[in-house]
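Residue numbers (our numbering): 777 to 901.
Each remark here refers to the structure printed beneath this line.
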């Protein structure tokens, strides 16, 4: 059974190469608990920050609108996330991804999502 899991992991990693092949930005919502916005590039530090706005949608008893921010940093991964927030919930996530050039902040991408269907190069071959 462990070998089957290992082979499955290898097959996913061989096709899901976003972030290994270049800088990637994405957000996802209601994804096995995760609500998040992330910018990353494995092995390459870059100065940036991420904002992730989380809006509860159509569910009572959920946390009100809130914002997560990474703050400006030099690292390979900027992740503003809640790892268990969306269990049983319905959220809209709006992500803002910033890079810095000569210490000037530049918005390079934003997206609004309500599901786990990230793309941004994840399944390119």
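Ideal Cβ placement from N, Cα and C applies to all residues, glycine included.
Cβ shell of residue 887 (< 6 Å), same chain only, five flanking positions each side left out | 803 and 871
Which term fits residue 881, buried or exposed, when burial requires 16 or more other beta carbons within 10 angstroms of its beta carbon?
-> exposed
Beta-carbon separation of residue 814 and residue 857 under 8 Å?
-> yes
Give me the Cβ distance between residue 874 and residue 884, rounded to the nearest whole Å; I'm assuming they're in contact under 8 Å.
-> 7 Å
Helix, strand or coil: which one does DSSP assign to residue 888?
-> strand
When DSSP labels each residue in this structure, what does residue 808 get in the three-state scheme?
-> coil
Using the C-alpha atoms, what's the distance from residue 878 back to residue 904?
-> This structure cannot speak to residue 904, because the chain is shown only from 777 to 901.
DSSP beta-bridge partners of residue 851 | 822
Grab me the residues of residue 861's own chain with a C-beta within less than 8 Å of its C-beta, minus the 5 sequence neighbours each way, in chain order.
-> 809, 810, 811, 830, 839 and 867
DSSP three-state call for residue 863: helix, strand or coil?
-> coil
Ends of the beta strand (DSSP E) at residue 759?
-> The structure shown does not extend to residue 759, since the chain is modelled only from 777 to 901, so the question has no answer here.
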